[in-house]
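Colleague: Mind having a look at this structure? Questions to follow.
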Amino acid sequence: MLELVNLTGGYHGEDKVKNINAEFKKNEITVIIGPNGCGKSTLLKLMVRLLKPLSGRIMLNGSDISPLPRKEFAQTVSFLPQARSVPHMSAGSLVLHGRYPYLSYTRRYSKKDYEAVERALMITGTGKFRDIPMDLLSGGERQKVYIAMLIAQNTDVILLDEPTTYLDIHYQFELMNIICNLKQQGKTIITVLHDLSLALKYADQVIIMNQGKIEGCGSPDDICHSGMIDKVFHIHMRQLLSPYDGEYVFLPVQE
Amino acid sequence: MPDGVKAMNIFQSSFMGANRRSFCLHPSKSKRWLAILLLVLAVIVILSLTLGSVAITPMQLAEIIKGNDKSSAAYRILLYVRFPRTMAALLAGSALAVSGAIIQAVLNNALASPNIIGINSGAGFVTMLCMVAFPAQPWLLPPAAFIGAFLTALAVSIIAMKINASKITIILTGVAIGSILTAGINTIKEISTDVLVGSSSFMMGGLSYVTNESLHFAGPYILIGLILALLFCNEMNVLSLGEDSAHSLGMNVKAYRFILLMIAAVLSGAAVSFAGLLGFVGLIVPHCVRIFVGEDNKKVIVACIVAGAIFVAACDLLARLIFAPFELPVGIIMSFLGGPFFLWLLLTKRRHINA
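If you read the sequences in order, they're chains A and B. Just remember that this note's numbering sits 884 ahead of the position in the first sequence, which is counted from 1. Just remember that this note's numbering sits 322 ahead of the position in the second sequence, which is counted from 1.
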């Protein structure tokens, strides 16, 4: 679906991320992990064309994305940035903005747009917040409304930058379940996650980054057994067996 | 997962169609506000046409509108004094209020307004240069004011972008540029012998010198600016999501910022070209309006057009009446009335004002 070929780039012409090669498949959640400042967010920004690559290409279904017009690109790839100021609008209006890439020359939202919004509110269970200003919602509720906006945008590829950070644990799982549901509908999901247990639990593919490079890439089990997590994060990892599934547990290590 | 799946199933089995109306936040409430505002505007306009150092009775006004009374003194006062003055108040008020709302949206900054970030001073400086250099070319004033306003807006936003400025730094940049331009204005004022240029009316903002001619030149700029502002409401809303989100929704953020700043500059430039440095209206009217109609920029802009006109026309009316037959520049009344009113709003409805 989406492929990065020797991608290099960063802010102000730096090479914050170097020679990234990766492939993201349909019906899969790829989780990018790595220590702070390793270039995870920069990589996402390069992928949504917020930053211009110094070299390399981003291929979507086999063709380069750089010549795509803005709106067409926004109909294919959606992105939830990490740091956002809370906009002063109702949750319903926010979700409606997800339809902005589909606005025609009449510049009016159509019945189809309102239906997509209704559907997104339904899937995320945020219909009840429709008329409530965003600044009155809790962090978790707000995040679900943002996901609803991305669902309304209805793109094949969805990029998320730490969608669960600062959320209470039940919101983290609720959000990840919504994301899993999107995967099952055939979306390609790429997300940066801080929480390693959550990352390994939900990922189909894990990319581990360090100092601007991809350290390793593979299934959660492969990554865990490669010892790369221990090396990159300076921790010690154990797998504990629960009656349901093997959960990974992380312990800090004194060096 | 169960939640999401359940929701999907509910959606697939029972969902029929979406209701458009559901997206208006209290639609009836905002319509009611608009109706009230329009009513107040009508009253203010009638008062503004009839009251002044020579009062015109409503009967005379009706006669004049019917066209029966073309020779009287009242007719000439109405046509050459009251009408341009009232129109000037309405146009300047709408233009500056909308300009303020746009600038607040573009810079995503509640403290911004055309006077605070120096746009009015830029317009005023170039207007004054123009008055001194080409005293016989009144049609030059609105485009000159627009150029001044636009260059200032551009300078502030480029500097802000270059240094990756925080909200406060943008304001400080604007204040610094504004003070340079105000110094320029004061220099021209001191060394020029022209009466109009030297008057405090221009500095404070005043409508006493407005003629039909000056409106004739500036009016079209304002009307076009207001229409454009209404067209780009949705873009302003998308911009308020933040640069990254707006970009990932397919918006050309830089281009729209530039266009919106141009519109704001046209509006405040045109207003400054005939009304002088009217300050406060661009800052407080958008805030007051948001308290009542919410944050949707479409409603904010519509309400700003009406409320800005009301505010300036009402202040101008008082400026004429309080010490009649002497007049105060309208800017003084605006600050005296608007300041306390704004403070009252801050104290009672603070939640709505997000600085």
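Where is the CB? At the ideal position from N, CA and C, for every residue including glycine. Bear in mind the structure is a predicted one, so any value in this text is a computation, not a measurement.
Can you round the beta-carbon distance between VAL979/A and GLY940/A to whole angstroms, since I take them to be within the 8 Å contact cut?
Modeller: Numbered from its first residue, the first sequence carries residue 979/A at position 95. Numbered from its first residue, the first sequence carries residue 940/A at position 56. With 8 Å as the limit, VAL979/A and GLY940/A do not qualify as a contact, their Cβ atoms being about 34 Å apart.
Colleague: Here's the rule: buried if 16 or more other CB atoms are within 10 angstroms of the residue's CB, otherwise exposed. What is ILE513/B?
Modeller: In the second sequence, residue 513/B corresponds to position 191, counting from 1. Counting Cβ neighbours within 10 Å, ILE513/B comes out exposed, since fewer than 16 surround it.
Colleague: Along chain B, which residues have their Cβ under 8 Å away from the Cβ of VAL1076/A?
Modeller: For the purposes of this step, residue 1076/A is taken as residue 192 along the first sequence, with counting starting at 1. In chain order: nothing, as chain B lies at least about 14 Å away.
Colleague: Going by DSSP, what residues sit across from CYS1101/A in a beta bridge?
Modeller: Within the first sequence, numbered from 1, the residue matching residue 1101/A stands at position 217. In DSSP, CYS1101/A forms a bridge with ILE1091/A.
Colleague: Anything in chain B within Cβ reach of TYR984/A, meaning under 8 Å, just list it in chain order.
Modeller: For this step, residue 984/A is matched to residue 100 along the first sequence. What TYR984/A touches in chain B: ASN556, VAL560, LEU571, GLY572, MET573.
Colleague: Pull up the DSSP beta-bridge partners for ILE1062/A, would you.
Modeller: Here the question's residue 1062/A lines up with position 178 in the first sequence. ILE1062/A pairs with nothing; no bridge assigned.
Colleague: LYS955/A versus chain B: which residues are under 7 Å apart at the beta carbon?
Modeller: Stepping through the first sequence from its first residue, residue 955/A is reached at position 71. Here the neighbours are GLY572.
Colleague: Could you list which residues in chain A have their beta carbon closer than 9 Å to that of GLY564/B, in chain order?
Modeller: Reading the second sequence from its first residue, position 242 is the one you call residue 564/B. Correct list: PRO965, ALA967, ARG968, SER969, PRO971.
Colleague: Give the secondary structure of ASP1045/A by DSSP, where H, G and I count as helix, E and B as strand, and everything else as coil.
Modeller: For the purposes of this step, residue 1045/A is taken as residue 161 along the first sequence, with counting starting at 1. In this structure, ASP1045/A counts as strand in the three-state DSSP scheme.
Colleague: Identify the contact partners of CYS618/B in chain A, using a Cβ-Cβ distance below 7 Å as the criterion.
Modeller: Counting from 1 along the second sequence, the entry for residue 618/B is found at position 296. The residue you asked about is not Cys; residue 618/B is Asp in the sequence shown. Per Cβ cutoff of 7 Å: MET973, SER977.
Colleague: Check each candidate in VAL478/B, ALA593/B, LEU356/B, ASP638/B and name the one with the smallest Cα separation from VAL428/B.
Modeller: Start at 1 with the first residue of the second sequence, and residue 428/B comes out as number 106. Per the C-alpha coordinates, the member of VAL478/B, ALA593/B, LEU356/B, ASP638/B positioned closest to VAL428/B is VAL478/B.
Colleague: Alpha carbon to alpha carbon, what distance is there between PHE614/B and THR670/B?
Modeller: Walking along the second sequence from the start, residue 670/B turns up at place 348. Walking along the second sequence from the start, residue 614/B turns up at place 292. Cα-Cα distance, rounded: 13 Å.
Colleague: Can you check which of these residues, PRO542/B, LEU548/B, ASN442/B, is closest to ILE502/B by C-alpha distance?
Modeller: Counting from one through the second sequence, the residue named residue 502/B turns up at place 180. For the set PRO542/B, LEU548/B, ASN442/B, the Cα lying nearest the Cα of ILE502/B is the one of ASN442/B.
Colleague: Taking 8 Å as the cut-off, decide whether the C-beta atoms of VAL1029/A and VAL915/A are in contact.
Modeller: Residue mapping note: residue 1029/A aligns to position 145 of the first sequence, counting from 1. Residue mapping note: residue 915/A aligns to position 31 of the first sequence, counting from 1. Result no, Cβ atoms of VAL1029/A and VAL915/A do not sit closer than 8 Å.
Colleague: Using only CA atoms, which one of LYS1097/A, GLY1096/A, ILE1092/A lies nearest to SER1103/A?
Modeller: Reading the first sequence from its first residue, position 219 is the one you call residue 1103/A. The shortest C-alpha separation from SER1103/A is found at ILE1092/A.
Colleague: Taking just the CA atoms, how far does ALA975/A sit from GLU385/B?
Modeller: As a working mapping, residue 385/B is identified with position 63 in the second sequence. As a working mapping, residue 975/A is identified with position 91 in the first sequence. Looking at the two C-alpha atoms, the distance is approximately 53 Å.
Colleague: Taking the straight line between their C-alpha atoms, what separation do you get for GLY422/B and SER416/B?
Modeller: Here the question's residue 422/B lines up with position 100 in the second sequence. Here the question's residue 416/B lines up with position 94 in the second sequence. Between GLY422/B and SER416/B, the C-alpha separation is close to 10 Å.
Colleague: Strictly by DSSP, which residues pair up with MET1121/A?
Modeller: Residue numbering aside, residue 1121/A sits at position 237 when the first sequence is read from its first letter. In DSSP, MET1121/A forms a bridge with PHE1134/A.
Colleague: ILE917/A and LEU1080/A: beta carbons closer than 8 Å?
Modeller: Reading the first sequence from its first residue, position 33 is the one you call residue 917/A. Reading the first sequence from its first residue, position 196 is the one you call residue 1080/A. Contact: yes.
Colleague: Measure from the alpha carbon of LEU360/B to the alpha carbon of each residue in ILE469/B, MET453/B, LEU599/B, ALA629/B, then state which is nearest.
Modeller: Within the second sequence, the letter at position 38 stands for residue 360/B. For the residues ILE469/B, MET453/B, LEU599/B, ALA629/B, the minimum Cα distance to LEU360/B belongs to ALA629/B.
Colleague: Select from the stretch 917 to 944 of chain A all residues with a C-beta closer than 7 Å to any C-beta belonging to chain B, and list them in chain order.
Modeller: VAL932, LEU934
Colleague: Can you find a C-beta in chain A that's less than 8 Å from the C-beta of SER435/B?
Modeller: As a working note, residue 435/B is residue 113 in the second sequence. Not closer than 8 Å to any Cβ of chain A, the Cβ of SER435/B fails to qualify, so no.
Colleague: Run down chain A in chain order and give the residues with a C-beta less than 9 Å from the C-beta of SER567/B.
Modeller: Numbered from 1 along the second sequence, position 245 holds the residue referred to as residue 567/B. Those are PHE963, LEU964, PRO965, ARG968, PRO971, HIS981, TYR1030, MET1033, listed as they occur along chain A.
Colleague: Determine the burial state of PHE596/B: buried for a count of at least 16 other Cβ atoms within 10 Å of its Cβ, exposed for fewer.
Modeller: Position 274 of the second sequence, counted from the first residue, corresponds to residue 596/B. So PHE596/B ends up on the buried side.
Colleague: As an exercise, report each continuous beta strand (DSSP E) stretch of at least 3 residues that is fully enclosed by the stretch 500 to 584 of chain B, in chain order.
Modeller: Counting whole runs of 3 or more residues, the stretch 500 to 584 of chain B contains no beta strand (DSSP E) stretch at all.
Colleague: Would you mind stating whether LYS1067/A and ILE1074/A have Cβ atoms separated by less than 8 Å?
Modeller: Here residue 1067/A refers to the residue found at position 183 of the first sequence. Here residue 1074/A refers to the residue found at position 190 of the first sequence. No. Outside cutoff.
Colleague: Note down, in chain order, every chain B residue with its Cβ under 7 Å from the Cβ of ALA958/A.
Modeller: Locating residue 958/A in the first sequence gives position 74, where the first residue counts as 1. Here the neighbours are SER570, LEU571, GLY572.
Colleague: Name the DSSP bridge partner or partners of GLU887/A?
Modeller: Start at 1 with the first residue of the first sequence, and residue 887/A comes out as number 3. Bridge partners of GLU887/A: GLU907/A, MET943/A.
Colleague: Per the DSSP calculation, SER994/A is bridged to which residue(s)?
Modeller: Taking the first sequence and counting its residues from 1, the one referred to as residue 994/A is at position 110. BP columns for SER994/A are empty, so no partner.
Colleague: Using alpha carbons as the reference points, say which of THR504/B, ILE507/B, LYS621/B, LEU589/B lies closest to PRO542/B.
Modeller: Position 220 of the second sequence, counting from 1, holds the residue named residue 542/B. Nearest C-alpha to PRO542/B: LEU589/B.
Colleague: For ILE493/B, name the three-state secondary structure that DSSP assigns.
Modeller: Here residue 493/B is taken as the residue at index 171 of the second sequence, counted from 1. Three-state DSSP puts ILE493/B in a helix.
Colleague: Is ILE493/B near the ligand NAP, with its Cβ less than 7 Å from a heavy atom?
Modeller: The ligand NAP is absent from the structure shown, which contains no ligands of any kind.
Colleague: Let me make sure I understand the geometry here. Which of THR892/A, SER969/A, LEU1051/A has the alpha-carbon closest to that of SER1022/A?
Modeller: Within the first sequence, the letter at position 138 stands for residue 1022/A. Closest option to SER1022/A, Cα to Cα, is LEU1051/A.
Colleague: DSSP state of ILE1074/A, grouped into three classes?
Modeller: Here residue 1074/A refers to the residue found at position 190 when the first sequence is read from its first residue. Of the three classes helix, strand and coil, the one that applies to ILE1074/A here is strand, per DSSP.
Colleague: If you count every other CB in all the chains shown that lies within 10 Å of the CB of LEU537/B, and 16 or more means buried, which is it?
Modeller: If you number the second sequence from 1, residue 537/B lands on position 215. Burial call: buried.
Colleague: Whole angstroms are fine: how far does the CA of THR1008/A sit from the CA of ILE1062/A?
Modeller: Translated into positions along the first sequence, residue 1062/A becomes position 178. Translated into positions along the first sequence, residue 1008/A becomes position 124. Approximately 7 Å, taken between the alpha carbons.
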